[in-house]
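One structure below.
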């Protein structure tokens, strides 16, 4: 079974530029999560999707971050414009069970550096 | 104060040593996860447990619901076990609350 795919693996941009990350969850997984992990910290949930609907985006900085999961499968996370403090690893995860009650499977992450 | 506390933050060991990483949380939970993160960022789920004990190979995870405490043990540690080990808990919502991780280095 293929795992959670993410691209790109690494991205370096200058502040005020835009960037987008892509995630393809495990086939059949209804729940998809985007996490931000700043160096030395645990992951922080940015947004959770159930199929193509948003379940929780309370910690998403909506003035600059946006995410979509148009067909309930793959998802994109965008930052526009980026700030220095956005430098982090962005992790995508998916879960089979409805409401995300089961085990979460993580992708390899995208390491973003904002200069 | 983080809702999930891990100790130690950093741990070094010689190959073959028995290793214990601890996790404490503040209120009742529905499940606790132990995760492994290698350099490069990818996270692998090791265990999900809500009571008792689970074992997989050289890894053992235990949880004490009354004491709100879990431990991850590694027997006969090996350099390839070097990674960050993260404890995460789920309360009554879908959301996982993560600890800050324990960085383990095992030297040959």
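Chains as they are written, first to last, in my numbering: chain A, 1037 to 1151; chain B, 52 to 159. Ideal placement from N, C-alpha and C gives every residue a C-beta, glycine not left out. These figures come from a predicted structure and were not determined experimentally.
Minimum Cβ-Cβ distance from residue i to chain A less than 8 Å
i                      : result
residue 96 of chain B  : yes
residue 151 of chain B : yes
residue 147 of chain B : yes
residue 114 of chain B : no
residue 93 of chain B  : yes
Any chain B beta carbon closer than 8 Å to residue i
i                       : result
residue 1142 of chain A : yes
residue 1092 of chain A : yes
residue 1108 of chain A : no
residue 1089 of chain A : no
Inter-residue Cα distance where the pair is residue i and residue j
i                       : j                       : result
residue 1072 of chain A : residue 68 of chain B   : 33 Å
residue 98 of chain B   : residue 153 of chain B  : 16 Å
residue 1136 of chain A : residue 1057 of chain A : Note that residue 1136 of chain A scores a pLDDT of 48, beneath 50, so its modelled location is shaky and nothing firm can be said.
residue 131 of chain B  : residue 1051 of chain A : 37 Å
residue 108 of chain B  : residue 157 of chain B  : 17 Å
residue 150 of chain B  : residue 1077 of chain A : 8 Å
residue 121 of chain B  : residue 1119 of chain A : 37 Å
residue 1126 of chain A : residue 79 of chain B   : 29 Å
residue 1040 of chain A : residue 96 of chain B   : 13 Å
residue 1079 of chain A : residue 129 of chain B  : 26 Å
Near the ligand ZN: residue i beta-carbon under 7 Å from a heavy atom
i                     : result
residue 67 of chain B : The ligand content of the structure shown is nil, which means the ligand ZN is not present either.
Original post:
Any chance the segment 124–141 of chain B sits against the segment 62–76 of chain B, with 3 or more Cβ pairs inside 8 Å?
Top reply: With contact defined as three or more Cβ pairs closer than 8 Å, the segment 124–141 of chain B and the segment 62–76 of chain B are in contact.
Original post:
Just checking, does the segment 1103–1121 of chain A make contact with the segment 1052–1069 of chain A on the three C-beta pairs under 8 Å criterion?
Top reply: As far as the Cβ criterion goes, the segment 1103–1121 of chain A touches the segment 1052–1069 of chain A, which means the pair count is three or higher.
Original post:
Just by C-beta distance, which residues in the segment 1050–1084 of chain A are closer than 9 Å to chain B?
Top reply: So the close ones are 1067, 1069, 1071, 1073, 1076, 1077, 1078, 1079, 1080, 1081, 1084.
Subject >> Ranges of the alpha helix (DSSP H) found wholly within the segment 62–104 of chain B, counting only runs of at least 4 >> reply: Listed in chain order, nothing qualifies, since the segment 62–104 of chain B has no complete alpha helix (DSSP H) run of 4 or more residues.
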